[in-house]
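The sequence shown begins at 274 in our numbering and counts up by one. No residue lacks a Cβ here, since even glycine has one placed at the ideal position from N, Cα and C. Note that this is a predicted model, so its numbers are computed, not measured. These notes are about the structure you will find just below.
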Amino acid sequence: MTLTSETFRSVRPLTGDGRKLYIETYGCQMNVGDSEIVLSILQAEGFRYTEQIEQADLILINTCSIRDNAEQRIWNRLRDLKPLKKSRHVLIGVIGCMAERLREALIEREQIVDIVAGPDAYRDLPRLVREATDGGRGVNVLLSREETYAEISPVRLDKNGVSAFIAIMRGCNNMCSYCVVPYTRGNERSRDPETILAEARDLLASGYKEVTLLGQNVNSYRWESEDRVTDFADLLAAVADIDPRLRVRFATSHPKDLSDKLLETMAAHPNLCRCIHLPAQSGSTRLLQLMNRKYTREWYMDRIEAIRRILPDCAITTDLIAGFCTETEEDHAQTLSLMEWAGYAFAYMFKYSERPNTKAARHMTDDVPDEVKTRRLNEIIALQNELSLRSNRADVGRRFEVLVEGTSKRSDRQLFGRNSQNKVIVFDKGDHKVGDYVTVEVTDCSSATLLGRAID
Ligand code: 5AD
Ligand code: SF4
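Quick look at the structure:
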């Protein structure tokens, strides 16, 4: 069943009644997808979406708890909203991971928050908004074992009309010792593949050319129906088979579950994009054990060798954490040497940030001094800049099929898009437009971007 305004209207009056809703999203791509689900739920209640915060009757902040600085940004944002709240009647809601983690503090500390909804409570938002409208507080942070919002059609907030995210699962069971996600997003649950395929077909029919399947650990996707089991490789093949012109990406893979079957499925479908995001976190087996990553340095290297063997043109990207508990110079050197060996095309790099109630916070000491963390992170960033440049230089002279996503920020005579490896390529516009596939020859590069010229 798809939620429509009719579904609600038949039972009771609409909560929104033409009021304007503004949503601000922080954190990961999952959160972008969640904001789209929230918008769908509240539009069905008669809310109208606005991009102007000054006009909003309801402001929702979709939050992230992954690192302390992510939370600090949101506290600052709430403080910024105080004058707005004082100047006129507007409801403010905090939703997402921070709502889950800090429900009481959110209500007490800034005194401007009317609604608090955790990631599994979005269907309850109409009720929570009604309570807040009546002068109370609407709070629901209950986590669920089943909620996947499977049949809700997200209202797309990304405006390029070319690429969209599809959440295929929610939650996480991995329990990495540093990570707050299992606590904020709860247990892992996969979404019915039929609803995923229907969403991808709908996107294609409305002009989209690329979908990214999202989950905290997509490799453990699993759906059992009466007659069969669908794993992630099966799901990926089914989405790829919808149309060879639909590009399909996915994130994020956990190295412990990256199977040869998945790599072979990718090899058999050219529209499954040649880029695998494979977070290493550290190059030291001792640290990986403390992080509860459930693989060793050697296992990780074996998975990269499998990618190189089965998908020789595949880009590999990663996440790295500097200065996790007890990390020594030797552990850090192993991270640098793994990076060098893997030759990552791109990396997200972070300083370890202790998160309350995680295994690391409860059982380990955050003992690497901040200045040491900073220095190590800077070394990791400097090396990655070199590796990215090296990887981009190797592409100069090569030709790629680029899916155009928009006009370049620097010049409206240039377009930008991505190749299958997820690298951004900028080139002169000519007669091409957003949504086209264009063959581009790379002529030059920086560490962040490829420059090229269109061939056709
Ligand atoms: N401190 C620093 N980085 C973290 N990440 C997750 N938790 C923490 C933390 N407590 C990073 C990991 C993960 C990415 C999404 O964020 O690298 O892959
Ligand atoms: Fe942030 Fe993790 Fe929650 Fe995404 S799942 S919003 S990265 S804490």
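Use the C-beta contact count for residue i: other C-beta atoms within 10 angstroms, 16 or more gives buried, fewer gives exposed.
i, result
"Ser283", "At Ser283 the pLDDT is 47, less than 50, meaning the model places this residue with poor confidence and gives no usable figure here."
"Asp387", "buried"
"Thr421", "buried"
"Gly703", "exposed"
"Thr716", "exposed"
"Ile698", "buried"
"Tyr621", "exposed"
"Arg570", "buried"
"Arg547", "buried"
"Pro356", "exposed"
"Met448", "exposed"
"Ala473", "buried"
"Asn413", "buried"
Among the residues of its own chain, which have a CB less than 6 Å from the CB of residue i, if the five just before and after it don't count?
i, result
"Leu416", "Asp393, Gly459"
"Trp348", "none"
"Leu351", "Glu383"
"Phe766", "Coverage of the chain is limited to positions 274 through 729, which leaves residue 766 absent and any answer about it impossible."
"Gly725", "Ile698, Phe700, Val713, Glu714, Val715, Thr716"
"Ser557", "Asp604, Gln607"
"Ala343", "Cys337"
"Gly300", "Cys337"
Please go through the same chain and pick out, in chain order, the residues whose beta-carbon is closer than 8 Å to the beta-carbon of residue i, but skip the five residues on each side of it.
i, result
"Lys432", "none"
"Gln428", "Note on residue identity: the sequence assigns Val, not Gln, to residue 428. Around Val428: Glu309, Leu312, Ser313, Gln316, Tyr322."
"His705", "Val677, Leu688, Val711, Ala727"
"Leu508", "Ile441, Pro466, Ile469, Leu486, Tyr494, Trp496"
"Tyr456", "Glu373, Arg374, Asn630, Thr631"
"Lys358", "Ile365, Ile385"
Note down, in chain order, each residue of its chain lying with its Cβ closer than 7 Å to the Cβ of residue i, except the 5 sequence neighbours on either side.
i, result
"Glu652", "Leu609"
"Ala405", "Leu364, Asp387, Ile388, Gly411"
"Asp586", "Arg547"
"Ile326", "Tyr295, Ile332"
Check the C-beta distance from residue i over to residue j and give it rounded, since I have them as a contact under 8 Å.
i, j, result
"Leu223", "Phe438", "The structure shown does not extend to residue 223, since the chain is modelled only from 274 to 729, so the question has no answer here."
"Asn490", "Asp530", "7 Å"
"Tyr568", "Pro528", "5 Å"
"Thr590", "Tyr617", "6 Å"
"Leu561", "Met637", "Incorrect: roughly 14 Å between the Cβ atoms, too far for contact."
"Leu593", "Ala553", "6 Å"
"Ile334", "Glu297", "5 Å"
For a test of your reading of the model: does the CB of residue i fall under 7 Å from any non-hydrogen atom of the ligand FAD? Yes or no.
i, result
"Thr421", "As far as ligands go, the structure on display features the ligand 5AD and the ligand SF4 and does not contain the ligand FAD."
Meets three-Cβ-pair contact criterion under 8 Å: the segment 288 to 300 and the segment 313 to 326: yes
Should the segment 473 to 484 be called in touch with the segment 651 to 671, which here means at least 3 C-beta pairs below 8 Å? As far as the Cβ criterion goes, the segment 473 to 484 does not touch the segment 651 to 671, which means the pair count is below three.
So does the segment 500 to 517 actually touch the segment 530 to 548, counting three or more Cβ pairs closer than 8 Å? yes
Counting Cβ pairs, one atom from each stretch, are 3 or more of them under 8 Å apart for the segment 643 to 650 and the segment 680 to 700? no
In chain order, what are the residues with a CB under 6 Å from some non-hydrogen atom of the ligand 5AD? Residue selection by CB proximity (closer than 6 Å to any heavy atom of the ligand 5AD) returns Ile339, Arg340, Tyr451, Cys452, Pro552, Gln554, Asp592, Ile594, Phe623, Tyr625, Ser626, Arg628 in chain order.
Three-pair Cβ contact test at 8 Å for the segment 713 to 728 versus the segment 660 to 677: Yes: the two stretches touch, three or more of their Cβ pairs being nearer than 8 Å.
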